[in-house]
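J.:
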Amino acid sequence: MLGLLGASLLDSSQATNDVEETLNRLAERYDRSDLRVFVLPTLILVEDPRNASSQTSVFAAGGDALRLDQVDAVERLVRRARENATPPDDVVARLEEIRSRRPRFGPVLTVFGYTLLTVGFGLVLNPTVTALPVYLVLGLIVGSIVLIGNRIATLSLILPVLTAFSVTLLISLLVRPLVHDDALRLVAPSLVSFLPGLTLTIAAVELTSGQMMAGASRLVSGIARLGLLAFGVYAGISIAGQPPAPTTAPTQLGSWAPWVGIMLVSLGYYLYSSAPRRSLVWILYALVVAYSAQLLGDALVGAEMSGLIGAMIVIPAVMLAGRLPSAPATAVMLTCAYWLLVPGAMGFIGLSEAASGTSGATSTILRTFGSLTAIAIGMLLGAGLSRDVSAMSRGWRQGRGRKR
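Residue numbers (my numbering): 1130 to 1533.
(1) Count the other CB atoms, across all protein chains shown, that sit within 10 Å of the CB of Arg1347; report buried if there are 16 or more and exposed otherwise.
(2) Just confirm the distance between the C-beta atoms of Leu1164 and Ser1403, as a whole number of angstroms; I'd bet it's less than 8 Å.
(3) Return the CA-CA distance between Leu1357 and Ser1162, expressed in angstroms with no decimal places.
(4) What is the DSSP secondary structure of Val1258, counted as helix, strand or coil?
(5) Is Leu1400 near Gly1242, with beta carbons less than 9 Å apart?
(6) Since Ala1194 and Leu1172 should fall inside the 8 Å C-beta cutoff, what is the C-beta to C-beta distance between them, to a whole number of angstroms?
(7) Could you check if Arg1354 is buried or exposed, using at least 16 other CB atoms within 10 Å of its CB as the buried criterion?
(8) Specify, as a first and last residue, the run of the beta strand (DSSP E) that Phe1167 falls within.
(9) Excluding the 5 residues flanking Pro1387 on each side, which residues of the same chain have their C-beta closer than 7 Å to its C-beta?
(10) Mind reading off the beta-carbon distance from Gly1451 to Ile1438? Whole number of angstroms is fine, and I expect it under 8 Å.
(11) Quick one, are the C-beta atoms of Leu1324 and Ala1317 less than 9 Å apart?
(12) Shortest alpha-carbon distance to Leu1416 belongs to which of Leu1429, Val1430, Arg1407 and Leu1393?
(13) Assuming Phe1188 is part of the beta strand (DSSP E), what are its boundary residues?
(14) Identify which residue in Pro1232, Ile1442 and Leu1265 has its Cα closest to the Cα of Gly1507.
(15) If I measure Cβ to Cβ from Tyr1467 and keep anything under 7 Å in the same chain, skipping five residues before and after, which residues do I get?
(16) Among Val1271, Val1290, Asn1153 and Leu1470, which residue has its Cα nearest to the Cα of Ile1391?
(17) Kindly identify the DSSP beta-bridge partner or partners of Glu1335.
(18) Buried or exposed for Asn1180, going by 16 or more other Cβ atoms inside 10 Å?
(19) Tell me whether Gly1473 is buried or exposed, calling it buried when 16 or more other Cβ atoms sit within 10 Å of its Cβ.
(20) Going by DSSP, what residue range makes up the alpha helix (DSSP H) through Ile1173?
(21) Hey, Leu1269 and Val1240 are a contact pair by Cβ (cut 8 Å); roughly how many whole angstroms apart?
(22) If you draw a straight line from the C-alpha of Leu1139 to the C-alpha of Ile1287, how long is it?
(23) Hey, Leu1174 and Leu1155 are a contact pair by Cβ (cut 8 Å); roughly how many whole angstroms apart?
(24) If the criterion is Cβ atoms closer than 9 Å, does the pair Gln1143 and Ala1460 meet it?
(25) Suppose contacts are defined by Cβ-Cβ distances below 9 Å. Is Ile1274 in contact with Gly1365 by that definition?
(26) Spatial neighbours of Gly1361 within its chain, please: C-beta separation below 6 Å, excluding the five flanking residues on both sides.
(27) Taking the alpha-carbon positions, what's the Gly1351 to Leu1267 distance?
(28) Rounded to whole angstroms, what's the CA-CA distance from Thr1185 to Gly1431? Just pull it up for me.
(29) Around the Cβ of Glu1176, are there at least 16 other Cβ atoms within 10 angstroms (buried) or fewer (exposed)?
(30) Look up Phe1323 in the DSSP assignment and say whether it is helix, strand or coil.
(31) Using DSSP with H/G/I as helix, E/B as strand and the rest coil, what is Asn1153?
(32) Cβ atoms of Tyr1398 and Leu1261: under 9 Å apart, would you say?
(33) For Asp1147 and Leu1396, what's the separation of their Cα atoms in angstroms?
(34) Could you check where the alpha helix (DSSP H) with Arg1230 kicks off and where it finishes?
(35) Tell me, to the nearest whole angstrom, how far the beta carbon of Ser1137 is from that of Leu1224; I am working on the premise that it is less than 8 Å.
(36) For Ala1343, collect the residues of the same chain with a Cβ closer than 6 Å to its Cβ; drop the 5 residues on either side in sequence, then sort them by chain order.
This is how it looks when you write it as structure tokens:
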């Protein structure tokens, strides 16, 4: 039970230190504190000193990432097991049912959701008005490619490179002469499902928490994914030629565009990742809090450190909302909020600029990793603050109960 739950928590994009803590608490709840649990990004090791024939059990993880409805169901299953000590066989059976569950929305709504994600993330970048139809068309194309490619094992291996190459070629040959905006700003939103921003942020959290092996391996994986995407962009630019730089500064939509983009991103996540029922409002809440906190951080400490303030605020806000009966699991809201915090698009643009020989690429890459460190520290501080407040609240309630 512990091994399979740990693998599902890893596939829910949780850090190894958080998964290890959850599994140790479960072991104590089942009166098996003698078990030793070791968690790596793709592996769960459970050592049982009572089992003489096979003391260590190995469970593979790191498969396909779970959808938001599955993330919600897994977290609720863990919560019930911790509260009620549900029989392990029942937990395992329920877990198998969750992982085999089909998406709530069909292919058409899934591609439509990806299109909304593309347009929404594009609006967060505050683009020009001529970029909006480009985001719409690219979202439809890349959403269809992702839907088909993920069902073909061989194609899925080269999908990031192939998609980045195709989109860059299309932008450079057909779109760039008509749209007065930076080519990479047009490409990045359509590749949202490939950008490893969440992976890089979790890696930074693990390294900051002392999980050296897990953090280092996840960091290399994220950088490799960025490298594949940057190679696809470089190949497209090599064939089509370097797109000319805008002669004049493009006129952006305005400060209202990111807020509209956040609304589209929330609906896009809801459809594309099959979010649990009645969770749309809560996803929007998490995104608005994350973006508002980043704006506050930008005003207080600058753009590169704004992620620290954003993470410090959004984690306690989501943990507080997760206590309400109507709210989905906190992992659902946090997963969506992290996508606004993590600078995956910034790192992709930096590596792509470096590959194509654009000046300023090095500073963009350095700002990306500086932002990652700031976000990781903010996440640790926010999570620690939430745990301290929860512990104080439990102690206060227990004290009142003893007085009565």
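The beta carbon of each residue, even a glycine, is placed where N, CA and C say it ideally should be.
This structure is a prediction, so every number in the text was calculated from the model and none was measured.
T.: On the basis of the data shown:
(1) buried
(2) In fact, because the Cβ distance is near 33 Å, the residues do not count as touching under 8 Å.
(3) The straight-line gap separating the alpha-carbon atoms of Leu1357 and Ser1162 is approximately 43 Å.
(4) Under the three-state reduction of DSSP, Val1258 is assigned to coil, being neither helix nor strand.
(5) Between Leu1400 and Gly1242, the gap from beta carbon to beta carbon is short of 9 Å.
(6) Beta-carbon to beta-carbon, Ala1194 and Leu1172 are separated by about 16 Å, too far to satisfy the 8 Å threshold.
(7) buried
(8) Arg1165 to Leu1169
(9) Leu1252, Val1253, Asn1255 and Tyr1420
(10) Not confirmed; about 21 Å, so no contact.
(11) yes
(12) Leu1393
(13) If you look at Phe1188, you'll find it in the beta strand (DSSP E) that goes Thr1185 to Ala1189.
(14) Ile1442
(15) Leu1327 and Thr1330
(16) Closest in alpha carbon position to Ile1391, among Val1271, Val1290, Asn1153 and Leu1470, is Leu1470.
(17) Per the DSSP secondary-structure output, Glu1335 pairs with nothing in a beta bridge.
(18) exposed
(19) Its pLDDT being 42, under 50, Gly1473 is placed unreliably in this model, and the value from its coordinates should be taken loosely. Gly1473 should be labelled buried.
(20) Segment Leu1172 to Glu1176 is the beta strand (DSSP E) holding Ile1173; no alpha helix (DSSP H) there.
(21) 7 Å
(22) 23 Å
(23) 15 Å between Cβ atoms; not a contact.
(24) yes
(25) no
(26) Val1290, Ala1293 and Phe1294
(27) 23 Å
(28) 48 Å
(29) Counting every other CB atom within 10 Å of its CB across the protein chains shown gives Glu1176 a total below 16, marking it as exposed.
(30) coil
(31) Reduced to three states, the DSSP call for Asn1153 is helix.
(32) no
(33) 28 Å
(34) Taken as a continuous stretch (DSSP letters only), Arg1230 belongs to no alpha helix (DSSP H), as it is neither H nor E.
(35) 6 Å
(36) Thr1145, Leu1169, Pro1170 and Glu1335
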